[in-house]
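Colleague: Residue numbers (mature numbering (1 follows the signal peptide of the UniProt record, and there is no 0)): -27 to -1, 1 to 439.
Even glycine gets a Cβ: it sits at the ideal position worked out from N, Cα and C.
Note that the coordinates shown come from a computational prediction; the quantities given were computed from them, not determined experimentally.
#1: Return the CA-CA distance between residue 411 and residue 203, expressed in angstroms with no decimal places.
#2: Counting only runs of 4+ residues fully inside the stretch 81 to 143, write out the alpha helix (DSSP H) ranges in chain order.
#3: Spatial neighbours of residue 165 within its chain, please: CB distance less than 7 Å, with the 5 preceding and 5 following residues excluded, ordered by chain position.
#4: Out of curiosity, what's the CA-to-CA distance linking residue 102 and residue 4?
#5: Using 7 Å as the threshold, is the C-beta distance between residue 95 and residue 161 below it?
#6: Using the Cα positions of residue 286 and residue 423, report the straight-line distance between them to the nearest angstrom.
#7: Rounded to the nearest angstrom, what separates residue 75 and residue 170 at their Cα positions?
#8: With the cut-off set at 7 Å, would you say residue 337 and residue 307 are in Cβ contact?
#9: Give a yes or no on whether the C-beta atoms belonging to residue 114 and residue 148 are separated by under 7 Å.
#10: Please list, in chain order, all residues of the same chain as residue 237 whose beta carbon is under 8 Å from its beta carbon, the five residues on each side excluded.
#11: Mapping DSSP to helix, strand and coil, what is residue 483?
#12: State the start and end residues of the unbroken beta strand (DSSP E) segment that holds residue 53.
#13: Kindly say whether residue 160, judged by its beta-carbon, lies nearer than 7 Å to any beta-carbon of chain B.
#14: Is it true that the CB of residue 361 sits closer than 7 Å to the CB of residue 305?
#15: I need the boundaries of the alpha helix (DSSP H) containing residue 214, first residue and last residue.
#16: Three-state secondary structure (DSSP) at residue 268?
#17: Quick check on residue 243: does DSSP put it in helix, strand or coil?
#18: Label residue 93 either buried or exposed according to how many other C-beta atoms from any shown protein chain fall within 10 Å of its C-beta, with 16 as the threshold for buried.
#19: Bridge partners for residue 39 per DSSP, in chain order?
#20: Looking at the secondary structure, which residues open and close the beta strand (DSSP E) in which residue 377 lies?
#21: Specify the secondary structure class of residue 148 as computed by DSSP and reduced to three states.
#22: DSSP on residue 172, reduced to helix/strand/coil?
#23: Under the three-state reduction of DSSP, which class applies to residue 76: helix, strand or coil?
#24: With a 10 Å radius around its C-beta and 16 neighbouring C-beta atoms as the bar for buried, classify residue 40 as buried or exposed.
#25: For residue 195, which beta-bridge partners are listed by DSSP?
#26: How is residue 224 classed by DSSP in three states: helix, strand or coil?
#27: In the DSSP assignment, what are the bridge partners of residue 296?
#28: Just to check my reading of the structure: residue 315 and residue 289 have Cβ atoms closer than 8 Å, yes? What is that Cβ distance to the nearest angstrom?
#29: Is residue 218 buried or exposed, if buried means 16 or more other CB atoms sit within 10 Å of its CB?
#30: Helix, strand or coil for residue 44 per DSSP?
#31: According to DSSP, what are the bridge partners of residue 20?
#32: Straight-line CA distance for residue 272 to residue 298?
#33: For residue 343, which residues of its own chain have a beta-carbon under 6 Å away from its beta-carbon, when the five flanking residues on both sides are left out?
#34: If we ignore side chains and look at the alpha-carbon of each, how far apart do residue 89 and residue 210 end up?
#35: Can you tell me whether DSSP reads residue 342 as helix, strand or coil?
#36: Please classify residue -7: is it buried, with 16 or more other beta-carbons within 10 angstroms of its beta-carbon, or exposed?
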């Protein structure tokens, strides 16, 4: 019987691979779906080899994937996505498994693209065109004669945080591949060019006007700036004479330094002023005199009791039924941005929807647009938001931190929070402001899914005054 099941699994996988390979190599946003009819028990490696431009969604339908002496892999540049409730159990793992961890595991195992953008006055060469998470990538910097490297950025295009740490100096730089495609950009300036201007306040979402000062470390350089997003120059720019530039509405600020007719690289920042739209504030505590909400699964002794009261009284979320809050249920990306959007006063949004998996009829439609437009979170792909994927602790505190304006924060005593992790500053901020602590004295557990109880508690603590 076991041999028969293995044979059937082999035939199923072979059929799947043939159907995937039938997709033209240049097809874009091709969707393939597969529903499990029984549990998968993998005893030898099974490579799905999903081609680039294709997303394969696997639905468990009450069945699961178990790895014994083999792994489920994907050597292709397409994506493998597990729908909600579909779980992959890796061999020998004692960590909790859910849909979120399963999706992350497949992202970690598959190769991702390394793309170098076009640039002037120089070039950057990457050691490989594709790589898996954790691989070391070497970048060779080749400026044209008379030019030097000014800025170099590596952007994770499918991760919650775009910044990837780059180390090294001179003509050779290295970085560790994230579980995402990356885009590499560089700017070269003429030898002797002044340093790029520095803003006193970085890009982000703010709820009050901001005062931004500009400086340049090159003595004798003059600075020109624009506030309409255009490229600054002596002919097209405002001469900066010192003092603060007041940003009252959403603005893209750009600045350039000039000395002896030589221009620096342009510095750019976008300030989203959410408070300028008149967003009302949410009370920071349970409303005095408001009717107490009673759920059979929430007692006064629970740490999240007041947070649940606050959330329901202020329309952040309701129970899952008239008598249940279901505090231990995992929160999805769509749900958390909705909670946060409502806590911000449910501001009206306009603009195009970039996501194929977010419909105008979805309850989280406006919340998703608001979150993306205000830099709270990005999609999980070029046209995907993945609203039904569970949110992890690392992602949740990052959403809240960005909604608060991404205030400066640093330092973490947690062994599982790397200094270059996209959520490192958010974790430090959350702990410093009493929003959440680690799951132990030395661990934060950034990849563990967030429950409804935890989500409303994080929000409740964030909106408390002082």
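Modeller: This is what the structure holds:
#1: Translated into the one-based positions of the chain shown, residue 411 becomes position 438. Translated into the one-based positions of the chain shown, residue 203 becomes position 230. Their Cα atoms are separated by approximately 44 Å.
#2: Listed in chain order, there is nothing to give.
#3: For the purposes of this step, residue 165 is taken as the residue at position 192 of the chain shown. The residues are 235.
#4: Taking the first residue of the chain shown as 1, we reach residue 102 at position 129. Taking the first residue of the chain shown as 1, we reach residue 4 at position 31. Distance between the alpha carbons of residue 102 and residue 4: 24 Å.
#5: Along the chain shown, one-based indexing puts residue 95 at 122. Along the chain shown, one-based indexing puts residue 161 at 188. In contact: residue 95 and residue 161 (Cβ atoms closer than 7 Å).
#6: Taking the chain shown and counting its residues from 1, the one referred to as residue 286 is at position 313. Taking the chain shown and counting its residues from 1, the one referred to as residue 423 is at position 450. About 22 Å.
#7: Here residue 75 corresponds to residue number 102 of the chain shown, with the count starting at 1. Here residue 170 corresponds to residue number 197 of the chain shown, with the count starting at 1. Rounded to whole angstroms, residue 75 and residue 170 show a C-alpha spacing of 43 Å.
#8: The sequence position of residue 337 within the chain shown is 364, counting from 1. The sequence position of residue 307 within the chain shown is 334, counting from 1. Contact flag set, yes.
#9: Here residue 114 refers to the residue found at position 141 of the chain shown. Here residue 148 refers to the residue found at position 175 of the chain shown. Contact flag unset, no.
#10: In the chain shown, residue 237 corresponds to position 264, counting from 1. These residues qualify, in order along the chain: 123, 162, 166, 167, 168, 169, 170, 189, 191, 194, 229, 230, 231.
#11: The question about residue 483 has no answer here: the residues shown for the chain are numbered -27 through 439.
#12: Taking the first residue of the chain shown as 1, we reach residue 53 at position 80. In the DSSP annotation of this structure, the continuous segment of the beta strand (DSSP E) that includes residue 53 starts and ends at 52 to 55.
#13: No chain B is present in this structure, which holds just one protein chain.
#14: Counting from 1 along the chain shown, the entry for residue 305 is found at position 332. Counting from 1 along the chain shown, the entry for residue 361 is found at position 388. Result yes, Cβ atoms of residue 305 and residue 361 sit closer than 7 Å.
#15: Counted from its first residue, the chain shown places residue 214 at position 241. According to the DSSP assignment, residue 214 belongs to no alpha helix (DSSP H), since it is labelled neither H nor E.
#16: By 1-based counting over the chain shown, the position of residue 268 is 295. Residue 268 falls in the coil class under three-state DSSP.
#17: One-based indexing of the chain shown puts residue 243 at position 270. Look at residue 243 here: in three-state DSSP terms it is strand.
#18: Within the chain shown, residue 93 is the residue found at index 120, counting from 1. It is exposed - the Cβ of residue 93 has fewer than 16 other Cβ atoms within 10 Å.
#19: Within the chain shown, numbered from 1, the residue matching residue 39 stands at position 66. Answer is 14, 62.
#20: Taking the first residue of the chain shown as position 1, residue 377 is located at position 404. Residue 377 -> no beta strand (DSSP E), and no H or E assigned at all.
#21: If you number the chain shown from 1, residue 148 lands on position 175. Assigned with DSSP and collapsed to three states, residue 148 falls in strand.
#22: Mapped onto the chain shown, residue 172 falls at position 199. In the three-state reduction of the DSSP assignment, residue 172 falls in the strand class, which pools E and B.
#23: Here residue 76 refers to the residue found at position 103 when the chain shown is read from its first residue. Of the three classes helix, strand and coil, the one that applies to residue 76 here is helix, per DSSP.
#24: As a position in the chain shown, residue 40 is number 67, starting the count at 1. Burial of residue 40 is indicated by the presence of at least 16 other C-beta atoms within 10 angstroms of its C-beta.
#25: Translated into positions along the chain shown, residue 195 becomes position 222. Per DSSP, 231.
#26: On the chain shown, residue 224 is found 251 positions in, with the first residue counted as 1. Looking at residue 224 - three-state DSSP - the assignment turns out to be strand.
#27: Looking up residue 296 in the chain shown gives position 323. According to DSSP, which records beta bridges pairwise, residue 296 is partnered with nothing at all.
#28: As a first step, residue 315 is located in the chain shown; it is residue number 342 there, counting from the start. As a first step, residue 289 is located in the chain shown; it is residue number 316 there, counting from the start. About 5 Å; that satisfies the 8 Å criterion.
#29: Reading the chain shown from its first residue, position 245 is the one you call residue 218. Counting the other Cβ atoms within 10 Å of the Cβ of residue 218 gives 16 or more, which makes it buried.
#30: Here residue 44 refers to the residue found at position 71 of the chain shown. Under the three-state reduction of DSSP, residue 44 is assigned to coil, being neither helix nor strand.
#31: Here the question's residue 20 lines up with position 47 in the chain shown. Residue 20 is bridged by DSSP to 46.
#32: Start at 1 with the first residue of the chain shown, and residue 272 comes out as number 299. Start at 1 with the first residue of the chain shown, and residue 298 comes out as number 325. Their Cα atoms are separated by approximately 11 Å.
#33: Residue 343 sits at position 370 when you count from the first residue of the chain shown. Its chain contains 314, 322 as the residues whose beta carbon lies nearer than 6 Å to that of residue 343, once the 5 sequence neighbours on both sides are disregarded; these appear in chain order.
#34: If you number the chain shown from 1, residue 89 lands on position 116. If you number the chain shown from 1, residue 210 lands on position 237. So the two alpha carbons sit approximately 30 Å from each other.
#35: Stepping through the chain shown from its first residue, residue 342 is reached at position 369. Here residue 342 sits in helix by DSSP.
#36: Looking up residue -7 in the chain shown gives position 21. Unreliable placement is indicated for residue -7, whose pLDDT of 46 sits below 50; no coordinate value is reported for it.
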